[in-house]
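Asks: Oh and the sequence shown: position 69 is 69 in UniProt numbering, straight run, nothing missing. Even glycine gets a Cβ: it sits at the ideal position worked out from N, Cα and C. Remember, predicted model here, so these are calculated numbers, not experimental data.
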Amino acid sequence: MRSLVGLICVIVAASCYLYSLSLYLPAGPRLRPHQTADRQHVEQAESEQQPADSSEEPSRLKFPSDLDELRELAELLQFYKTEHTGYVLLLFCSAYLYKQSFAIPGSSFLNILAGAIFGPYEGLLLACVLTTVGSTMCYLLSQAFGKHYIVNLFPDKVSTLQRKVEENQDCLFFFLLFLRFFPMTPNWFLNMSAPIVNIPITFFFCSVFIGLLPYNFICVQTGVMLSEVSSLDDLFSWERLLQLLAIACMALLPGALIRHFSQRRLKLDAPSPNGLVADKKVQ
1 MRSLVGLICV IVAASCYLYS LSLYLPAGPR LRPHQTADRQ HVEQAESEQQ PADSSEEPSR
61 LKFPSDLDEL RELAELLQFY KTEHTGYVLL LFCSAYLYKQ SFAIPGSSFL NILAGAIFGP
121 YEGLLLACVL TTVGSTMCYL LSQAFGKHYI VNLFPDKVST LQRKVEENQD CLFFFLLFLR
181 FFPMTPNWFL NMSAPIVNIP ITFFFCSVFI GLLPYNFICV QTGVMLSEVS SLDDLFSWER
241 LLQLLAIACM ALLPGALIRH FSQRRLKLDA PSPNGLVADK KVQ
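#1: If I'm right that L226 touches A116 with Cβ under 8 Å, what's the distance once you round it to whole angstroms?
#2: What did DSSP end up calling F102 once you bin it into helix, strand or coil?
#3: Alpha carbon to alpha carbon, what distance is there between R163 and S20?
#4: For D170, does the three-state DSSP call read helix, strand or coil?
#5: Run through DSSP, which three-state label would I196 get?
#6: Can you tell me which of the three DSSP states H84 falls into?
#7: How is M184 classed by DSSP in three states: helix, strand or coil?
#8: Cα-Cα, which of L4, L77, C93 and D66 is closest to Y17?
#9: Under DSSP, the alpha helix (DSSP H) around G115 begins and ends at which residues?
#10: Helix, strand or coil: which one does DSSP assign to D156?
#11: Identify the continuous alpha helix (DSSP H) that holds F209 and give its terminal residues.
#12: If we count Cβ pairs, one from each stretch, closer than 8 Å, do we get three or more for the stretch 186-202 versus the stretch 157-175?
#13: State the Cα-Cα distance for the pair L232 and F154, rounded to the nearest angstrom.
#14: Using the C-alpha atoms, what's the distance from Y96 back to S107?
#15: For R71, is the beta carbon positioned less than 8 Å from some heavy atom of the ligand COA?
#16: What's the gap between the Cα of Q169 and the Cα of G223?
#17: Tell me the rounded alpha-carbon separation between I218 and P120.
#18: Taking DSSP as the reference, what is the three-state secondary structure of L70?
#19: Buried or exposed: which applies to C9, given that a residue is buried once 16 or more other Cβ atoms fall within 10 Å of its Cβ?
#20: Run through DSSP, which three-state label would F79 get?
#21: Pop quiz: L172 and L113 are said to be a contact at Cβ under 8 Å. What is the actual Cβ separation, rounded to whole angstroms?
#22: What separation, rounded to the nearest whole angstrom, lies between the Cα atoms of residue 315 and F145?
#23: Check whether the stretch 178-194 touches the stretch 123-141, counting contact only when three or more Cβ pairs, one atom from each stretch, lie closer than 8 Å.
#24: Would you check if the distance between the CB atom of residue 298 and the CB atom of V208 is smaller than 9 Å?
#25: Please look up how many angstroms separate the CB atoms of V88 and L70, rounded, as I've assumed it's under 8 Å.
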């Protein structure tokens, strides 16, 4: 009971911090004179087309759930980033770590957002670091508060993962990389169950950073392309198609190497319907 209360306190404290950070937006960046004139001209034209009683609602920060909300959020944060880079960086890191630490789905949208806001290189570095740190925080939270509950909720999955970890102790790091490149079990479950099956935190940390690098790379590059593409013609240009081909090749290469190594060294069985590896039973 004490562990549950402690976990609830951590979640409440983190939620209050993130809400207060998103609630108090700094003042918007100042516009240059020609930008101000253009903005006034656009606002005047829009006011003539809208009813007199219409009022503009203030922008609110929230986790994006689709591409439209993602594009709107990216434009808003890019607007603030011109003069409030520190605030945007702090807000993005806090939101990312919140999702990753508590195993909340939707981190792919934040990876795409990283590419749209910070660019291909800074965005990729940021996504990899935050993914690794957030997953490690999930590991530590599970180790401190959640062992008993995870075992009770997923007894079969935990026992299966425990058995496969024991069978691959001599090449445990490559086994963890294989699970990240070819997720036979969801990443959120692997993050929470890793301390239960006695995976060292150093192996866990490095395997997350390296194993999720191709996935983060694809998401960040997608965000960069979304921020640059304004029409379908731009998306299907030869330059974009060649860029997509290069991204696919770079993302598939590490997985192919790990798969080649796993066929010789790792002890893996056929995946079962529930997404985890299952033992082969002889009748």
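Replies: Let's see:
#1: 6 Å
#2: coil
#3: 44 Å
#4: helix
#5: coil
#6: coil
#7: In this structure, M184 counts as coil in the three-state DSSP scheme.
#8: Here the closest residue by C-alpha is C93.
#9: First-last of the alpha helix (DSSP H) with G115: S107 to F118.
#10: helix
#11: I201 to G211
#12: yes
#13: Caution is warranted here: a pLDDT of 43 is assigned to L232, below 50, making its placement in the model unreliable, and no coordinate value can be reported.
#14: 7 Å
#15: For the ligand COA, the structure offers nothing, since it holds no ligand at all.
#16: 38 Å
#17: 10 Å
#18: helix
#19: exposed
#20: In the three-state scheme derived from DSSP, where H, G and I count as helix and E and B as strand, F79 is classed as helix.
#21: The Cβ separation is near 33 Å, so there is no contact.
#22: Coverage of the chain is limited to positions 1 through 283, which leaves residue 315 absent and any answer about it impossible.
#23: yes
#24: A question about residue 298 goes unanswered here, because the residues of the chain that appear run from 1 up to 283.
#25: So it is not a contact: roughly 15 Å between Cβ atoms.
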